[in-house]
Ligand SMILES: Nc1ncnc2c1ncn2[C@@H]1O[C@H](COP(=O)(O)OP(=O)(O)OP(=O)(O)O)[C@@H](O)[C@H]1O
Ligand SMILES: [Mg+2]
């Protein structure tokens, strides 16, 4: 065997020192083994699945998890799935996670499921309905039990309707001894309004609602994540405290973890360890995932009025997109509502462009089916429309007050 210890030591000399022990564990898709602040919810899930493998208990579990962004919905479901997988390793059990933003159509979802059960099957020519029957046959053939997590379900329903969900829920009636249980995840439970009363009741009967994290919970999350991600001598509890302070208003674990990562990067950049509070503050300034409030405050009153116009129209029509030519009229009616004189159309178009650049709205060009011409469609970057609406109204009122005071000075 070749001895390359010399080579390794030269390499380690060249390597830049870093505060990170394992930077990957700060990625947003990493699933940690402990979830501070979500122990109760994890216990609830474990309880719901107790006895699921015994013959005399109905195996169908239909669980919904809701909560604002960064409240740990996805990580909770994934951690629970991993635990079940470890526990039932020898029992033909599969945990499958599907995010509807990634797998955007019923066909993609169904084909992904079938593929997880049998990688050799060629799926060309099947419809998503036929794939359901294929899935049932494979469940029977391989004698499998499945926990299926469908994340961001609203994304699928708003684009492709509810048929796939109904079909999935029927699977258990089509099999004798095998089963699929479900966890549906969405920021709010509005999606259940699309279903009949019987299904709605099922969705509501095992519902876990998550809230924003408190400052103490954020501090615990940061401490436990730093333990696996950062070298112990580069981190102190003071850093967790500062991060919790800076992020408690948003209540988002994702924001806190991103700041920890950014602070580590800053310390590395300046070749300094341990991480210091000023690295945290610098990271916060650099990280784009600032709180929604800060982002909106940085815009002018008129940007906020435009956004409110878009939100109101999306809500009124219950759609995801509006055409950009509608924006100016919507903006003018919001100006009237708030008694603010409107700006010229050209200025408003510039503002729309800025809102898109700063990821508050998204735009895409599509062909108008009726006229054959192209049109620009505008949507909100974040789907939490209710939260955003009340925040914007609050900010508009504040900005109006400020501009009135300013004029009278
Ligand atoms: N209790 C927790 N302990 C440790 N890490 C957590 C906890 N809650 C959330 N996180 C981490 O915070 C980040 C965001 O969590 P997650 O993706 O689960 O949020 P979410 O509620 O699904 O948000 P979204 O609505 O945007 O999808 C992830 O990196 C996750 O690992
Ligand atoms: Mg999520």
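In this note's numbering, the protein residues as written are 38 to 446. In this text, a Cβ means the ideal position worked out from N, Cα and C, and glycines have one as well.
Whole-angstrom C-beta distance between residue j and residue i, which should lie under 8 angstroms
{"i": "residue 117", "j": "residue 79", "result": "6 angstroms"}
{"i": "residue 403", "j": "residue 391", "result": "At roughly 22 angstroms, the Cβ-Cβ gap does not stay under 8 angstroms, so residue 403 and residue 391 are not in contact."}
{"i": "residue 85", "j": "residue 102", "result": "12 angstroms between Cβ atoms; not a contact."}
{"i": "residue 240", "j": "residue 99", "result": "7 angstroms"}
{"i": "residue 138", "j": "residue 189", "result": "5 angstroms"}
{"i": "residue 217", "j": "residue 208", "result": "5 angstroms"}
{"i": "residue 317", "j": "residue 280", "result": "6 angstroms"}
{"i": "residue 433", "j": "residue 375", "result": "6 angstroms"}
{"i": "residue 339", "j": "residue 388", "result": "6 angstroms"}
{"i": "residue 166", "j": "residue 204", "result": "7 angstroms"}
{"i": "residue 223", "j": "residue 191", "result": "5 angstroms"}
{"i": "residue 288", "j": "residue 250", "result": "5 angstroms"}
{"i": "residue 424", "j": "residue 73", "result": "Not quite, the Cβ-Cβ distance comes to about 24 angstroms (not below 8 angstroms), so this is no contact."}
{"i": "residue 267", "j": "residue 53", "result": "That belief does not hold up - the Cβ atoms of residue 267 and residue 53 are roughly 16 angstroms apart, past 8 angstroms."}
Coil, strand or helix - residue i by DSSP
{"i": "residue 88", "result": "coil"}
{"i": "residue 274", "result": "helix"}
{"i": "residue 223", "result": "strand"}
{"i": "residue 400", "result": "strand"}
{"i": "residue 144", "result": "helix"}
{"i": "residue 321", "result": "helix"}
{"i": "residue 199", "result": "coil"}
{"i": "residue 313", "result": "coil"}
{"i": "residue 128", "result": "coil"}
{"i": "residue 232", "result": "coil"}
{"i": "residue 332", "result": "helix"}
{"i": "residue 182", "result": "strand"}
{"i": "residue 249", "result": "coil"}
{"i": "residue 412", "result": "strand"}
{"i": "residue 326", "result": "Because the pLDDT of residue 326 is 45, which lies under 50, any placement of that residue in the model is unreliable, and the number read from its coordinates should be weighed accordingly. Looking at residue 326 - three-state DSSP - the assignment turns out to be coil, as it is neither helix nor strand."}
{"i": "residue 307", "result": "coil"}
{"i": "residue 101", "result": "strand"}
{"i": "residue 64", "result": "coil"}
{"i": "residue 40", "result": "Annotation note: pLDDT 43 at residue 40 (below 50); position unreliable, coordinate value reported separately. Note: residue 40 maps to coil in three-state DSSP."}
{"i": "residue 134", "result": "strand"}
{"i": "residue 158", "result": "coil"}
{"i": "residue 365", "result": "helix"}
{"i": "residue 188", "result": "strand"}
{"i": "residue 218", "result": "strand"}
{"i": "residue 240", "result": "helix"}
{"i": "residue 375", "result": "coil"}
{"i": "residue 417", "result": "strand"}
Proximity of residue i and residue j at Cβ, strictly below 8 angstroms
{"i": "residue 168", "j": "residue 147", "result": "yes"}
{"i": "residue 62", "j": "residue 262", "result": "yes"}
{"i": "residue 400", "j": "residue 385", "result": "no"}
{"i": "residue 293", "j": "residue 343", "result": "no"}
{"i": "residue 256", "j": "residue 278", "result": "yes"}
{"i": "residue 359", "j": "residue 350", "result": "yes"}
{"i": "residue 111", "j": "residue 173", "result": "no"}
{"i": "residue 89", "j": "residue 133", "result": "no"}
{"i": "residue 430", "j": "residue 352", "result": "no"}
{"i": "residue 153", "j": "residue 131", "result": "yes"}
{"i": "residue 285", "j": "residue 252", "result": "yes"}
{"i": "residue 371", "j": "residue 345", "result": "yes"}
{"i": "residue 417", "j": "residue 364", "result": "no"}
{"i": "residue 108", "j": "residue 248", "result": "yes"}
{"i": "residue 271", "j": "residue 320", "result": "no"}
Residue i CB to nearest heavy atom of ligand 1 below 7 angstroms
{"i": "residue 224", "result": "yes"}
{"i": "residue 72", "result": "yes"}
{"i": "residue 262", "result": "yes"}
{"i": "residue 299", "result": "no"}
{"i": "residue 79", "result": "no"}
{"i": "residue 65", "result": "yes"}
{"i": "residue 277", "result": "no"}
{"i": "residue 294", "result": "yes"}
{"i": "residue 103", "result": "no"}
{"i": "residue 106", "result": "yes"}
{"i": "residue 256", "result": "no"}
{"i": "residue 69", "result": "yes"}
{"i": "residue 75", "result": "yes"}
Residue i Cβ short of 7 angstroms to ligand 4 heavy atom set
{"i": "residue 291", "result": "As far as ligands go, the structure on display features ligand 1 and ligand 2 and does not contain ligand 4."}
Chain D contact for residue i (CB, 8 angstroms cutoff)
{"i": "residue 98", "result": "In the structure shown, chain D cannot be found, because there is only a single protein chain."}
For ligand 2, which residues have a Cβ under 6 angstroms from at least one heavy atom, in chain order?
Environment of ligand 2, chain-ordered: 110, 111, 188, taking every residue with Cβ within less than 6 angstroms of a heavy atom.
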